[in-house]
């Protein structure tokens, strides 16, 4: 398999709009204030319309209909508004069917949005400081699958054999058979789109949380946990299934008990209808 | 006509046109029952083992939990004239992430609660495909009881359970 051919496909993704990349810059930069987002998006009518639609969706449960970006920020806070902007910006690359992973149209988007929303709620509970950055990383972490999809299809039998016989994870099998995995490709996309080094690092290592357990940073553990929950519940579940490694150390680091795990699953599912509505509203724009 | 059973959901039908479908069972369990005499079928898709976790949520949606959902699945088919002795029973799902052991292994715990309840109530299963690291999708044709299992990445196959 020619690795160059796979990597070249990064160029075939729809480029992020000028407004979208400016917002990403603001989210990524520690020196920017999230307030700047408002000034950037107010000139983009399409994005503003999408943003207001999503902010008014049942998921956020606002009692008053918001009609301006300022109002959206006042009612939802900048973190959530930034997340919604990223949803409106990134959906077009993540909604198509991915045959290699056996994902129908919209299923990868469903997976991405669900894990980003779980990340947001876990990060808010712990009052982490970089929530839009975590939200965006969770949303984009599997974009490598969009590039790798057709190649997975051709090599599927070999990959699945490695998973079954050698107990490799699906990611390790991708690397073994195709020379690269979807996390690495996702990190390359994030680099090309000039995401912050922190976000590139998160995307590259989202299946390998042991890399950062030495430090205090909870970013990857939180993203890993949300990913684990989505896999277990089967949200947008594809051919890679649950063939990833489980690390109890991550749960311990987060002081996350199995009751916490079950409660998080139950809480998320209570909002299922509102989440589904938002996934539909945000996809394909 | 597809009757889709979502996560934490149940559908029972005797409409010969209906196909009951449930998608992407990961660690969740799908229980399907079918009475070939009265031609009624049902599918439950529960995500967590025990309602004691949160009785309030179980009250609002008993299909989220195995211990509250399973009895309702059987009772609902009885309402349509099914009898326990005639019911065919199938169990799918309960997958787990690699190396996921102990209490965090919800797939395994979901299956354990079902086995306990079936043992206590003398229910035997006609087909089980449980565990592993795969996603499973089930389609059940109400008219015939014919059931198709699709493991993501593979073609559908007919389940020998009737």
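Residue numbers (the numbering used here), protein chains in the order written: chain S, 242 to 526; chain Z, 384 to 545. All C-beta atoms in this analysis are idealised placements derived from N, C-alpha and C, irrespective of residue type, glycine included.
If you count every other CB in all the chains shown that lies within 10 Å of the CB of residue 468(S), and 16 or more means buried, which is it?
-> buried
Run down chain S in chain order and give the residues with a C-beta less than 8 Å from the C-beta of residue 487(Z).
-> 487, 489, 492, 499, 502
When you compare each of 501(S), 472(S), 496(S), 480(S) to residue 487(S) by their alpha carbons, which one comes out closest?
-> 472(S)
Would you mind telling me which residues of chain Z sit closer than 8 Å to residue 469(S), beta carbon to beta carbon, in chain order?
-> 480
Expressed to the nearest angstrom, what Euclidean distance is found between the alpha-carbon atoms of residue 329(S) and residue 521(S)?
-> 12 Å
Consider the Cβ of residue 388(Z): report whether some Cβ of chain A lies at a distance smaller than 7 Å.
-> The chain inventory of the structure shown lacks chain A, comprising the protein chains S and Z.
Classify residue 413(Z) as helix, strand or coil using the three-state DSSP reduction.
-> strand
Three-way DSSP call (helix, strand, coil) for residue 473(Z) in this model | strand
Neighbourhood of residue 345(S) by C-beta, 6 Å cutoff - its chain only, sequence neighbours within 5 removed | 338
Is there at least one Cβ from chain Z nearer than 7 Å to residue 299(S)'s Cβ?
-> no
Chain-ordered residues of the stretch 393-420 of chain Z with a beta carbon less than 8 Å from chain S = 406, 407, 408, 409, 410, 411
CB-CB under 7 Å to residue 428(S), same chain, minus the five flanking residues each way: which ones, in chain order?
-> 441, 444, 445
Residue 483(S) and residue 480(Z) look like a contact to me (Cβ under 8 Å); what is the Cβ gap, rounded to whole Å?
-> 5 Å
May I ask you to list, following chain order, the residues of the stretch 437-449 of chain Z that have a beta carbon less than 7 Å from some beta carbon of chain S?
-> 437, 440, 447
Report all residues from its chain with a CB closer than 6 Å to the CB of residue 391(Z); omit the five preceding and five following residues, and keep chain order.
-> 430, 444, 446, 447
Listed from N- to C-terminal order along the chain, which residues in the stretch 451-464 of chain S have their beta-carbon within a distance smaller than 8 Å of any beta-carbon of chain Z?
-> none
Residue 486(Z) (DSSP reduced to helix, strand or coil) | helix
Checking contacts by CB at 7 Å: is residue 517(Z) closer than that to chain S?
-> yes
Would you call residue 394(Z) buried or exposed, if buried means 16 or more other Cβ atoms sit within 10 Å of its Cβ?
-> buried
Residue 460(Z) and residue 423(Z) closer than 7 Å at C-beta = yes
Taking C-alpha atoms, which residue in 268(S), 312(S), 256(S) lies nearest to residue 283(S)?
-> 312(S)
Partner residues on chain Z for residue 511(S), Cβ-Cβ distance less than 7 Å = 440
Check whether the Cβ atoms of residue 307(S) and residue 316(S) sit closer than 7 Å, and answer yes or no.
-> yes
Kindly indicate the opening and closing residues of the beta strand (DSSP E) around residue 322(S).
-> No beta strand (DSSP E) holds residue 322(S); the alpha helix (DSSP H) holding it covers 319-335.
Is the stretch 392-399 of chain S close to the stretch 409-427 of chain S, with three or more CB pairs under 8 Å?
-> yes
Which first and last residues belong to the alpha helix (DSSP H) in which residue 289(S) is found?
-> 286-296
In chain order, which alpha helix (DSSP H) runs of at least 4 residues are fully inside the stretch 345-424 of chain S?
-> 348-366, 372-381, 385-407, 411-419
How would you list, in chain order, the residues of chain Z whose beta-carbon sits under 7 Å from the beta-carbon of residue 506(S)?
-> 430, 431
Could you tell me if residue 357(S) is buried or exposed, where buried requires 16 or more neighbouring beta carbons within 10 angstroms of its beta carbon?
-> buried
Segment contact flag, the stretch 444-463 of chain S with the stretch 419-435 of chain S, C-beta cutoff 8 Å, min 3 pairs | yes
Go through its chain and collect everything with a Cβ distance to residue 516(S)'s Cβ below 8 Å, but skip five positions before and after it.
-> 300, 354, 355, 358, 509
Would you kindly work out how many angstroms separate the C-alpha atoms of residue 472(Z) and residue 545(Z), rounded to a whole number?
-> 9 Å
Do the stretch 446-464 of chain S and the stretch 494-501 of chain S make contact, defined as three or more Cβ pairs closer than 8 Å?
-> yes
Whole alpha helix (DSSP H) runs in the stretch 419-477 of chain S with 4 or more residues, listed along the chain?
-> 423-433, 438-445, 460-474
Residue 504(S) to residue 434(Z), Cα distance in whole Å?
-> 11 Å
With respect to the alpha helix (DSSP H) encompassing residue 263(S), which residues constitute its N-terminal and C-terminal limits?
-> 259-269
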